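Contents: one structure, followed by commentary.
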Amino acid sequence: MTKNTMASANDSRQNQKDAADQNFDYMFKLLIIGNSSVGKTSFLFRYADDSFTSAFVSTVGIDFKVKTVYRNEKRVKLQIWDTAGQERYRTITTAYYRGAMGFLLMYDISNQDSFNAVQDWATQIKTYSWDNAQVILVGNKCDLEDDRMIPTEDGKRLADELGFEFFEASAKENINVKQVFEHLVDTICEKMNESLDANSSPVSNSKNANLSEAPSQQSSGCSC
Ligand code: GTP
Ligand code: MG
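So in UniProt numbering, spot 85 of the sequence shown is number 85, and the numbers just go up one at a time.
Laid out in structure tokens, this is it:
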């Protein structure tokens with residue numbers, strides 16, 4: 001077995017262990033979508049493993065990683081799905097939109113096509129996902145200032161039009177990666193609390209049941 005194969009087997013075992021861990025208060029399913037090569041896989045690896053490689057290995061179909069975070073004394077288990085941006089995998093990837101509570105819709109600030117495609121990706125979310133899914137528009141590769149094609153203002157404006165939050169980030173330089181995920185988790189928690197406040201019996205509400213999948217969850221609200 002080569003060193004790389006061993007490392008990847010270890011990663012895979014760790015991911016399986018994390019996925020099986022039942023010790024959490026809430027579980028959120030998140031998806032990362034956007035054109036091929038915008039940096040979705042790199043973003044996830046930076047967040048989950050604090051690693052980055054400049055080699056481009058285009059994702060085949062879909063993959064996921066699990067990470068548990070603590071937000072205001074709650075353990076929130078994140079199941080983060082990394083989708084392939086290539087068109088030919090669209091049927092597979094859109095099948096995973098259902099049940100997702102949050103999306104990172106990513107473009108590359110140095111790639112005009114990836115920005116032009118944002119509207120189409122937003123339509124895919126609207127078509128295939130749950131109505132209340134929270135979306136953050138992420139302009140990745142903000143380290144490439146010299147190659148920038150999309151001014152920050154344009155990203156912000158488009159996010160406003162679509163009703164999404166907006167961040168620029170860099171998986172390479174580790175800029176705003178953690179912040180993007182934490183913001184998404186906090187927004188989902190806020191929505192969940194609003195929803196729980198509006199419904200006195202969360203257990204009987206199917207939408208809320210979708211939001212909090214922890215097996216032993218007792219409390220009636222997320223204090224995130
Ligand atoms: P698909 O799997 O085909 O959908 O692509 P992807 O969106 O997962 O892209 P991936 O993460 O594989 O990254 C594509 C290329 O961009 C790789 O060569 C990465 O090293 C590079 N890259 C990713 N993020 C950044 C970044 O923040 N800055 C720079 N400069 N390069 C990045
Ligand atoms: Mg990928």
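For every residue, glycine included, the Cβ atom is placed at its ideal position computed from N, Cα and C.
All values reported here derive from a predicted model rather than from experimental measurement.
For threonine 41, there is no enclosing beta strand (DSSP E); the enclosing alpha helix (DSSP H) covers residues 40–49.
Secondary structure remark: continuous alpha helix (DSSP H) runs of at least 4 residues inside the stretch 146–178, in chain order: 152–162. Per DSSP, the unbroken beta strand (DSSP E) holding lysine 74 starts and ends at 74–83.
When DSSP states are grouped into helix, strand and coil, valine 185 belongs to the helix group.
Isoleucine 175 sits away from glycine 102, with the two beta carbons spaced by 8 Å or more. Ranking Gln86, Ile32, Asp21, Val38 by CA distance to the CA of asparagine 111 puts Val38 first. Comparing alpha carbon positions, the residue from Val76, Asp131, Lys65, Val60 closest to glutamate 182 is Val76. In this structure, isoleucine 62 lies away from aspartate 49, with their beta-carbon atoms at least 8 Å apart. By the neighbour-count criterion, in which a residue is buried when 16 or more other Cβ atoms sit within 10 angstroms of its Cβ, glutamine 79 is buried.
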